[in-house]
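Student: Mapping of the sequence shown onto my numbering: residues 5 to 371, in sequence order. Every residue, glycine too, gets a C-beta built ideally from N, C-alpha and C.
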Amino acid sequence: MPDKKYPKDKSALRVQQGIEQPSAMNPALSGGLHRFKKDRLSPEELLQGILSGDRGMLGRAITLIESELPLEKQVAEKLVHDCLPYAGKSVRLGITGVPGAGKSTFIEAFGLQMIDKGHRVAVLAIDPSSSRSKGSILGDKTRMEALSIHPDAFVRPSATSGTLGGVARATRESVILCEAAGFDFIIVETVGVGQSETSVAQIVDFFLLLMLAGGGDELQGIKRGIMEMADLIVINKADGDNLTKAALAKKEFENALHLFPALPNGWNPRVLTASALTGKGLEEVSREIENFVNLTNRSGWFHENRQQQSLFLLRESITRSLTDGFFENQTIRQQLKVYEQQIREGKISPYEAAQKLLESYFPEIKK
Ligand SMILES: Nc1nc2c(ncn2[C@@H]2O[C@H](COP(=O)(O)OP(=O)(O)O)[C@@H](O)[C@H]2O)c(=O)[nH]1
Ligand SMILES: [Mg+2]
5 MPDKKYPKDK SALRVQQGIE QPSAMNPALS GGLHRFKKDR LSPEELLQGI LSGDRGMLGR
65 AITLIESELP LEKQVAEKLV HDCLPYAGKS VRLGITGVPG AGKSTFIEAF GLQMIDKGHR
125 VAVLAIDPSS SRSKGSILGD KTRMEALSIH PDAFVRPSAT SGTLGGVARA TRESVILCEA
185 AGFDFIIVET VGVGQSETSV AQIVDFFLLL MLAGGGDELQ GIKRGIMEMA DLIVINKADG
245 DNLTKAALAK KEFENALHLF PALPNGWNPR VLTASALTGK GLEEVSREIE NFVNLTNRSG
305 WFHENRQQQS LFLLRESITR SLTDGFFENQ TIRQQLKVYE QQIREGKISP YEAAQKLLES
365 YFPEIKK
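(1) Does the distance from the CB of L68 to the CB of A80 come in under 8 Å?
(2) Suppose you measure from the CA of Q346 to the CA of L318; what does that come to, to the nearest Å?
(3) Let me check you understand the geometry: is the CB of A105 closer than 7 Å to at least one non-hydrogen atom of ligand 1?
(4) Would you say S362 and I369 are within 8 Å of each other, going by their C-beta atoms?
(5) Count the other C-beta atoms from every protein chain shown that fall within 10 angstroms of the C-beta of K138, then say buried if there are 16 or more, exposed otherwise.
(6) Name the residue from G63, L97, I119, G218 whose alpha carbon lies nearest to the alpha carbon of V297.
(7) Taking 7 Å as the cut-off, does the CB of S162 come closer than this to any heavy atom belonging to ligand 2?
(8) Could you tell me if the beta carbon of F110 falls within a distance shorter than 7 Å of some heavy atom in ligand 1?
(9) Mind checking whether the beta-carbon of S152 lies closer than 7 Å to any heavy atom of ligand 1?
(10) Shortest alpha-carbon distance to A91 belongs to which of L50, Q78, T109, D188?
(11) Would you say the beta carbon of D243 is closer than 7 Å to some non-hydrogen atom of ligand 1?
(12) Taking DSSP as the reference, what is the three-state secondary structure of G60?
(13) Kindly list the residues whose CB is nearer than 6 Å to the CB of A148, restricted to its own chain and excluding five residues on each side of it in sequence; keep chain order.
(14) Kindly list the residues whose CB is nearer than 8 Å to the CB of V84, restricted to its own chain and excluding five residues on each side of it in sequence; keep chain order.
(15) Any heavy atom of ligand 1 within a distance shorter than 7 Å of the CB on A280?
(16) List the whole-angstrom C-beta distance separating V374 from E193, where the pair is believed to meet the contact cut-off of C-beta under 8 Å.
(17) Use the C-beta contact count for T248: other C-beta atoms within 10 angstroms, 16 or more gives buried, fewer gives exposed.
(18) From what residue to what residue does the beta strand (DSSP E) around E193 run?
(19) Ligand 1 and G101: does any heavy atom of the ligand fall closer than 7 Å to the residue's C-beta?
(20) Within its chain, find whatever has a CB closer than 6 Å to the CB of G220; leave out the 5 residues flanking it on each side and keep chain order.
Spelled out as structure tokens, the structure:
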């Protein structure tokens, strides 16, 4: 639904142009960052922009979050901190599925439906694989075109090639900024073939797995672990010749789900069929999410789960920083080589070597 009141330079599309550059690129060579440098905004101006719901400002702020440059990282950290009091008032939906399952098409249709219901919808599409091509991103942009330019939506595909932990952090902090900007329905899209969905599950409230019917292997390389995380499985492309196959697949997935242990929140994940193309079944999906939110709000689990996620991220972040610091330490690197040789020669047990290395790094743990 193009809206003449919102010129191109105000839409999320403008922001996306900078994303095709790796964020670690020399700023002097990168159009996006260079533009930022020329008319650099203060953290206060960015904060005000975000709080007023300005999507251009939101996009610039997310660029800072994704940046590897120390100065920009610093500004981003302050922004996230200042946005926290305004964040949290949203439903966070994670969507995963193999490439081609129809995630982008689904999000376009579903996002517009949620806007019709009065929501403001933000979409963060992440793919941690560095191999993701420019073409694929452009494909997503065209598949989410109507949503991208809608004044009540913000669409942000990120082709970041950072570490998994880094990508998860950037996504989580982008969610915070989107919420502070007044978006109350956040969709995080990931490709369901890697490990990214495990970290996305720590960011979202509701996890939707998008599947296809037929094609031989019913599980389509989706690991059992991912199915276990799903709060809802949707068989997409249930249209045209595909209807019977979709109904069959629905049965198969229902049977598979029966074998999984019950979820601690009392929720029973269902299997639905839908067509992102015709819009059929999308209403049921939104009703399912609504039921989930109502149920877990009443039981207190919704809030409890977010707290648990934050505590998990605290520990994970500490573990990562400690591990990185340890293995990057020059002294440790040298000692590690020596111990590795001794382990090969059977002179020392790996546990003893580990203890000695840790004592060398943290002298205070020595008994
Ligand atoms: N028939 C049919 N095709 C669909 C449907 N949803 C997506 N597609 C098509 O499937 C292809 C991949 O869709 P896309 O949204 O890019 O998948 P993604 O890789 O999971 O994001 C595109 O050609 C879509 O037009 C659907 O519900 N029915
Ligand atoms: Mg896609």
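Tutor: A quick look at the data gives this:
(1) By one-based count along the sequence shown, residue 68 stands at place 64. By one-based count along the sequence shown, residue 80 stands at place 76. Taking 8 Å as the Cβ cut-off, L68 and A80 qualify as a contacting pair.
(2) If you number the sequence shown from 1, residue 346 lands on position 342. If you number the sequence shown from 1, residue 318 lands on position 314. Cα to Cα, the separation comes out at about 35 Å.
(3) Within the sequence shown, the letter at position 101 stands for residue 105. Yes, since a heavy atom of ligand 1 falls inside the 7 Å radius drawn around the Cβ of A105.
(4) One-based indexing of the sequence shown puts residue 362 at position 358. One-based indexing of the sequence shown puts residue 369 at position 365. The amino acid occupying residue 362 in the given sequence is Leu; Ser does not appear at that position. It is a contact, given that the beta carbons lie within the stated cut-off.
(5) What you label residue 138 is simply residue 134 of the sequence shown in a count that begins at 1. Low per-residue confidence applies at K138: pLDDT is 47, beneath 50, and the placement is therefore not dependable enough to give any value.
(6) On the sequence shown, residue 297 is found 293 positions in, with the first residue counted as 1. Considering only alpha carbons, the answer is L97.
(7) Position 158 of the sequence shown, counted from the first residue, corresponds to residue 162. Flag unset: Cβ of S162 not near ligand 2.
(8) Numbered from 1 along the sequence shown, position 106 holds the residue referred to as residue 110. Within the cutoff, so yes.
(9) Here residue 152 corresponds to residue number 148 of the sequence shown, with the count starting at 1. False, no ligand heavy atom lies under 7 Å from that Cβ.
(10) The residue you call residue 91 lines up with position 87 of the sequence shown. Comparing Cα positions, the closest option is D188.
(11) Here residue 243 refers to the residue found at position 239 when the sequence shown is read from its first residue. D243 Cβ: within cutoff of ligand 1.
(12) Residue mapping note: residue 60 aligns to position 56 of the sequence shown, counting from 1. Residue state, collapsed to three classes: helix.
(13) Position 144 of the sequence shown, counted from the start, is the residue given in the question as residue 148. Note on residue identity: the sequence assigns Met, not Ala, to residue 148. Within the same chain, M148 has close Cβ partners S108, E112, V159.
(14) The sequence position of residue 84 within the sequence shown is 80, counting from 1. Contacts found: I69, E177, I180, L181.
(15) The count along the sequence shown starts at 1 and reaches residue 280 at position 276. Because some heavy atom of ligand 1 lies under 7 Å away, the Cβ of A280 counts as near it: yes.
(16) Residue 374 falls outside the range modelled here, since the chain spans only 5 to 371, and no answer is possible.
(17) Numbered from its first residue, the sequence shown carries residue 248 at position 244. Under this definition T248 is an exposed residue.
(18) For this step, residue 193 is matched to residue 189 along the sequence shown. Counting along the chain, the beta strand (DSSP E) containing E193 begins and ends at 189 to 195.
(19) By 1-based counting over the sequence shown, the position of residue 101 is 97. Because some heavy atom of ligand 1 lies under 7 Å away, the Cβ of G101 counts as near it: yes.
(20) Locating residue 220 in the sequence shown gives position 216, where the first residue counts as 1. Its pLDDT being 47, under 50, G220 is placed unreliably by the model, and the measurement read from it follows with that caveat. The answer is none, since no qualifying residue turns up.
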